[in-house]
Amino acid sequence: HVNFASSSVLVEYDKTTDPATLVSAVEKIGYGLVATEEDPFEIQVDLQEKHIKSHKTRMLWMVALSVPVFVLGMFLGEWVPGHWVSLVLTIPVLFFFGRLFYINAWKQLKVGRANMDTLVALSTGVAFLISVFNLLNPGFWLNRGLEPHLYFETAAVIMTFISLGKYLEERAKSNTSSAIRKLMGLQPKTSRVVINGHEKDIPVDAVVKGYTIIVRPGEQVPVDGIVSSGSSFVDESMITGEPIPVEKTAGQKVFAGTINQKGSFQFTAESVGKETILGQIIEMVRQAQGSKAPVQKLADRIAGIFVPVVLGIALVTFMVWMIIGGDDAFSHAILTSIAVLVIACPCALGLATPTALMVGLGKGAENNILIKDAESLEMAHKVDTVLLDKTGTITQGHPTVTKIRWSKALDSESFGPILRTMESRSEHPLAQPIASYLEEQDIGQVEIHAFESVTGMGVKAKAPDGQTYYVGNESLLVKGGTSVEEDHNALAEKWRKAAQTTVYF
4 HVNFASSSVL VEYDKTTDPA TLVSAVEKIG YGLVATEEDP FEIQVDLQEK HIKSHKTRML
64 WMVALSVPVF VLGMFLGEWV PGHWVSLVLT IPVLFFFGRL FYINAWKQLK VGRANMDTLV
124 ALSTGVAFLI SVFNLLNPGF WLNRGLEPHL YFETAAVIMT FISLGKYLEE RAKSNTSSAI
184 RKLMGLQPKT SRVVINGHEK DIPVDAVVKG YTIIVRPGEQ VPVDGIVSSG SSFVDESMIT
244 GEPIPVEKTA GQKVFAGTIN QKGSFQFTAE SVGKETILGQ IIEMVRQAQG SKAPVQKLAD
304 RIAGIFVPVV LGIALVTFMV WMIIGGDDAF SHAILTSIAV LVIACPCALG LATPTALMVG
364 LGKGAENNIL IKDAESLEMA HKVDTVLLDK TGTITQGHPT VTKIRWSKAL DSESFGPILR
424 TMESRSEHPL AQPIASYLEE QDIGQVEIHA FESVTGMGVK AKAPDGQTYY VGNESLLVKG
484 GTSVEEDHNA LAEKWRKAAQ TTVYF
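Under our numbering, residue 508 is the last one in the sequence shown; the count climbs by one each step, no gaps.
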């Protein structure tokens with residue numbers, strides 16, 4: 004399965020097949036192939052960046068040389084020395100900076116194929132040769148009553164425009180690949196493992212199933228696994244879309260690329276490399292970029308016969324003019340058939356559709372929208388209703404305090420500082436927004452002691468007045484011997500029905 008858009012090929016082959024044979028087979032039909040045990044994506048990215056840089060340099064030189072040729076041809080056509088200047092400037096544009104078109108066309112010809120490079124090479128090559136002939140031997144046409152036109156500017160400008168289009172296409176493909184690179188960047192390069200009782204930092208690639216891995220506060224989880232000891236809250240929004248970090252304790256699963264919050268824990272590696280959820284997401288995006296929509300399959304079929312059809316039309320044009328052209332039949336036949344080749348040359352049908360699809364899929368991935376395949380993207384214009392399956396998908400991505408109710412016994416001025424201090428020390432994901440909210444209300448902090456985190460319930464601490472205070476869910480208050488007022492219970496129920504999380508103090 005060849006994907007021109009991402010410059011990749013998926014091959015299913017027998018174990019007895021030597022990869023070097025595959026490389027050789029692909030090179031014979033005019034393409035290069037990188038087959039390596041190392042990460043091919045990284046190698047491809049490096050090669051692609053070098054290719055784009057060299058392409059940009061070539062294109063700038065072509066523009067610099069083509070502009071004077073264009074000016075001489077279009078505005079100073081009668082100035083004879085300008086004809087020779089145009090010849091000298093056109094040669095490097097076509098045969099040095101644009102040589103790849105001719106090399107690729109020749110490789111295709113050797114295996115009996117034709118593609119867009121064939122058209123570019125034919126049209127510019129023929130235009131150049133007829134111009135050289137006209138410049139060196141103008142009498143051939145003058146004796147037949149025809150003016151010997153020069154097409155140096157046509158050949159140079161077409162080659163430059165095609166190269167510009169190729170450069171823009173390559174840059175678009177590179178930008179799309181950056182979406183995959185960003186996904187790959189979610190995985191840390193190293194991980195801290197415990198081997199024979201000693202902690203050691205090793206590359207993520209060296210982690211194998213069964214290793215015990217330590218995740219410290221603020222670090223990313225390197226591979227998928229199951230927590231063996233410790234506890235923390237982990238931000239899994241990049242996988243689930245839910246903005247609230249999830250509490251992880253012994254026996255619970257953690258996933259590569261997710262971000263640990265303030266706690267620390269150890270876990271046993273279960274899935275590594277491409278087997279992780281993140282690895283599967285990356286592979287899914289790659290496959291989506293290589294998938295073909297129905298419209299692309301149609302474009303491929305048209306592009307496959309486009310070149311032979313154009314060559315056929317040029318040949319028919321030549322033959323028709325040879326029949327009806329009169330005394331100067333050959334001259335008219337040559338010029339008109341060249342015109343057909345030149346006009347057909349810039350067709351990008353075979354490139355535009357896959358590039359557009361790939362850029363669309365890549366842009367989606369950059370914005371955290373994963374599209375299963377190109378067919379789904381093509382069908383998207385028919386969508387009239389969008390259903391979102393979880394509240395976290397359409398939030399701002401972080402929790403904020405929306406309402407607060409103080410009872411008659413507790414007021415914000417006296418007890419707000421105790422609440423803010425306790426929440427400032429808590430590692431719970433809902434604690435920080437509460438502390439930030441109270442800070443915005445200009446509520447200060449106080450000294451507290453005997454601060455304790457109660458797993459699955461909340462936190463408790465002693466304030467300067469000697470009283471024990473609790474912040475958390477209703478179970479924590481009940482455990483501490485505190486009853487909740489009836490009107491507060493009713494209000495909490497009302498908030499919960501509105502999909503809001505309620506915290507008690």
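C-beta atoms are modelled at their ideal positions from N, C-alpha and C, and glycine is treated no differently.
Note that the coordinates shown come from a computational prediction; the quantities given were computed from them, not determined experimentally.
Y54 in three-state terms, based on DSSP: According to the sequence as given, residue 54 is His; it is not Tyr. In this structure, H54 counts as helix in the three-state DSSP scheme.
Straight-line Cα distance separating F418 from D468: 11 Å
Opposing strand residues paired with A272 [DSSP bridges]: Per DSSP, G228.
Exposure of L139, with buried meaning 16 or more beta-carbon neighbours within 10 Å: exposed
CB of G228 within 7 Å of CB of E278, strictly: no
Buried or exposed by the 16-neighbour rule on C-beta atoms within 10 Å, applied to W87: exposed
Whole-number beta carbon distance between N263 and S234, since they are thought to touch under 8 Å: At roughly 11 Å, the Cβ-Cβ gap does not stay under 8 Å, so S234 and N263 are not in contact.
L2 classed as buried or exposed, judged by whether at least 16 other C-beta atoms fall within 10 angstroms: The requested residue 2 does not occur in the structure, where the chain is confined to residues 4 to 508.
Bridge partner(s) assigned by DSSP for I285: None; I285 has no bridge partner.
Spatial distance of W409 from R499 (CA atoms): Between W409 and R499, the C-alpha separation is close to 18 Å.
The alpha helix (DSSP H) enclosing H86, as first and last residue numbers: V83 to P95
Residues near I46 by beta carbon distance below 7 Å, same chain, minus five either side: V37 and T39
Straight-line Cα distance separating G483 from E477: 10 Å
Integer-rounded CB distance, given that V506 should sit under 8 Å from G475: Sure, about 7 Å apart at Cβ, within 8 Å.
Any non-hydrogen atom of the ligand HEM within 6 Å of F333 CB: Because no ligand of any kind appears in the structure shown, any question about the ligand HEM cannot be addressed here.
Distance, V26 Cα to F131 Cα: 35 Å
Distance CB(S231)-CB(T271) smaller than 7 Å: yes
Closest by C-alpha distance to V404, when choosing among M325, E443 and L480: E443
Backbone secondary structure at T471 - three-state DSSP: strand
Under the three-state DSSP convention, the category H201 falls into: strand
Beta-carbon proximity list for L480, same chain, < 7 Å, skipping 5 on both sides: Y473, V487 and Y507
G128 (DSSP reduced to helix, strand or coil): helix
Nearest-angstrom Cα separation, counted from L301 out to K406: 57 Å
Opening and closing residue of the beta strand (DSSP E) in which H491 lies: Looking at the DSSP string, H491 is not in any beta strand (DSSP E); the run it does join, the alpha helix (DSSP H), is E489 to K500.
Segment limits, alpha helix (DSSP H) that includes G142: G142 to L145
Nearest-angstrom Cα separation, counted from M382 out to E156: 43 Å
Other residues of its chain near T252: CB distance less than 6 Å, five sequence neighbours each side excluded: S234
Range of the contiguous beta strand (DSSP E) that encloses T215: Looking at the DSSP string, the run of the beta strand (DSSP E) that includes T215 is T215 to V218.
Inter-residue CB distance, V275 and K203 (contact presumed, cutoff 8 Å): That belief does not hold up - the Cβ atoms of V275 and K203 are roughly 16 Å apart, past 8 Å.
Neighbourhood of F98 by C-beta, 6 Å cutoff - its chain only, sequence neighbours within 5 removed: none
CA nearest to the CA of N107, picked from V129, L125, H201 and I316: N107 has its Cα closest to that of L125, out of V129, L125, H201 and I316.
Contact set for H401: own chain, Cβ-Cβ below 8 Å, skip 5 residues either direction: P246 and P436
V481 - containing alpha helix (DSSP H), residue span: E477 to K482
Rounded straight-line distance, which links the Cα of G101 to that of W109: Cα atoms of W109 and G101: separation of roughly 14 Å, rounded to the nearest angstrom.
K251, enclosing beta strand (DSSP E) - first and last residue: Per DSSP, K251 belongs to the beta strand (DSSP E) from V249 to K251.
Which listed residue (V249, I280, G115 and K53) has its alpha carbon closest to that of K265: V249
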